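**Q** Can you read through this structure? Questions will come right after.
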Amino acid sequence: MKQIQWYPGHMAKTKKQIKEKIKLVDIVLELLDARIPYSSQNPVIKELIGNKPRVILLNKADLSDPVELDKWVSFFESQGVKTLKINSLNGMGVDKIKGVLKDVLKDKIAKEISRGRKERPIRSMILGIPNVGKSTLINRLAKKKKLIAEDRPGVTRNTQYIRVGQDFELLDTPGILWPKFDNDDVALRLAITGAIKDNILPVDEVVIFGFKYLFKNYPKRFENRYSIEVDIDNILKIYNDIGFKRGCLLPGNKIDYDRVNDLFLHDFRHQKFGKIILDKVIDYV
84 MKQIQWYPGH MAKTKKQIKE KIKLVDIVLE LLDARIPYSS QNPVIKELIG
134 NKPRVILLNK ADLSDPVELD KWVSFFESQG VKTLKINSLN GMGVDKIKGV
184 LKDVLKDKIA KEISRGRKER PIRSMILGIP NVGKSTLINR LAKKKKLIAE
234 DRPGVTRNTQ YIRVGQDFEL LDTPGILWPK FDNDDVALRL AITGAIKDNI
284 LPVDEVVIFG FKYLFKNYPK RFENRYSIEV DIDNILKIYN DIGFKRGCLL
334 PGNKIDYDRV NDLFLHDFRH QKFGKIILDK VIDYV
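Take a look at the structure:
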């Protein structure tokens, strides 16, 4: 693939706002997609937050391979970053967030109290790529619908403070991607999980990447889902077999390849192949 560039104007504006407002918060919540803990980690974020304390939240943990995900938790914590597995949709692990923030900031809080200052609400900035679940998480924390949350990238467009109880404030920000993807695999992982819009990359390349990844890492799940025998060296046959098995046909019994693409992406994004992780610690560290 040619080098992919994706940096809408609102993302450039968000980067500027983060730089301006980072000094106003105590800690950063970095929300990652638990299926792609490496690929969903925006390298720009470290540059923006500097030495500000940070907690990593691995969202959509229920969709991820639990054995491999635990390895990521161990890795991040070995780097000195407290890490939680959560699901912002059903609330799994969300009730632990406040306690973790207070623990990470306990020395700062104790110092302020020793100086006679009244304990104030913790101010946190929440950062992450598009469609990683920031708005859903904030609504879950606030226990009411404060923000629009949709299963597509680019919904949140402005930064805003959200009050969460008496002791916690969140500064929400739109999802930001980095200016260009130099790594094809990272781009494909973002695409197949829905972090970037489907028209950014050729859909067939994204689907073929998915075919190959499943065959290498979860072969039986791939074959069982469509009741086919996969020959990964014959991509056209995979398309044809899925098309015939699932009725993705045009007049004359010809395969509708666009429908096969749509079917596969839907199945991949809705856990039809079971719990999957696309980034393995061993491949990146």
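Under the working numbering, the first residue of the sequence shown carries the number 84, and numbering increases by one thereafter.
Glycine included, C-beta positions come from ideal geometry on N, C-alpha and C.
Given the structure is predicted, the values throughout are model-derived calculations rather than measurements.
What is the residue span of the alpha helix (DSSP H) that Ile110 lies within?
**A** As a first step, residue 110 must be located in the sequence shown, where it is residue number 27. Premise fails: Ile110 lies in the beta strand (DSSP E), 110-116, not in any alpha helix (DSSP H).
**Q** By Cβ distance, which residues of its chain are closer than 8 Å to Lys295, with the 5 residues on each side in sequence left out?
**A** On the sequence shown, position 212 is the one that residue 295 refers to. Same-chain partners within the cutoff: Ile315.
**Q** On the DSSP bridge assignment, give the partners of Glu252 in chain order.
**A** Indexing the sequence shown from 1 puts residue 252 at position 169. Arg206, Arg246.
**Q** Residues in its own chain within less than 6 Å of Gly216 by CB, not counting five upstream and five downstream?
**A** By 1-based counting over the sequence shown, the position of residue 216 is 133. Cβ neighbours of Gly216 beyond the five flanking positions: Asn142, Ser171.
**Q** Using only alpha-carbon positions, find the residue among Tyr322, Gly163, Leu333, Phe251 that is nearest to Asn134.
**A** Counting from 1 along the sequence shown, the entry for residue 134 is found at position 51. The residue with the shortest Cα to Cα distance from Asn134 is Gly163.
**Q** Have a look at Leu152 and Asn125 and give me their C-alpha separation to the nearest angstrom.
**A** On the sequence shown, position 69 is the one that residue 152 refers to. On the sequence shown, position 42 is the one that residue 125 refers to. Approximately 18 Å between the Cα atoms of the pair.
**Q** Bridge partners for Gly211 per DSSP, in chain order?
**A** The residue you call residue 211 lines up with position 128 of the sequence shown. Paired residues: Leu114.
**Q** Skipping 5 residues on each side, what residues in its chain have a beta carbon closer than 7 Å to that of Arg304?
**A** Reading the sequence shown from its first residue, position 221 is the one you call residue 304. Result list for Arg304: Leu297, Phe356, Gly357, in chain order.
**Q** Determine the direct distance from the alpha carbon of Ile325 to that of Arg369, and round the result to whole angstroms.
**A** The requested residue 369 is not part of the displayed model; the chain covers only 84 to 368.
**Q** Taking C-beta to C-beta, are Leu348 and Ile291 nearer than 9 Å?
**A** Your numbering for residue 348 matches position 265 in the sequence shown. Your numbering for residue 291 matches position 208 in the sequence shown. It is not a contact, given that the beta carbons lie outside the stated cut-off.
**Q** Enumerate in chain order the residues of its own chain whose CB-to-CB distance from Ala225 is below 7 Å, with the five nearest sequence positions on each side excluded.
**A** Taking the first residue of the sequence shown as 1, we reach residue 225 at position 142. Excluding sequence neighbours, Ala225 sits near Ile245, Val247.
**Q** Throw me the rounded Cβ distance for the Val127 and Ser207 pair, which I believe falls under 8 Å.
**A** Within the sequence shown, numbered from 1, the residue matching residue 127 stands at position 44. Within the sequence shown, numbered from 1, the residue matching residue 207 stands at position 124. Contact doesn't hold; Cβ gap of about 19 Å is too wide.
**Q** Can you tell which of Gly258, Arg352, Tyr301, Lys328 has the C-alpha that lies nearest to the C-alpha of Ser310?
**A** Mapped onto the sequence shown, residue 310 falls at position 227. That would be Lys328, whose Cα lies nearest to the Cα of Ser310.
**Q** Quick one: what does DSSP say Lys337 is sitting in, helix, strand or coil?
**A** Your numbering for residue 337 matches position 254 in the sequence shown. Three-state DSSP puts Lys337 in a strand.
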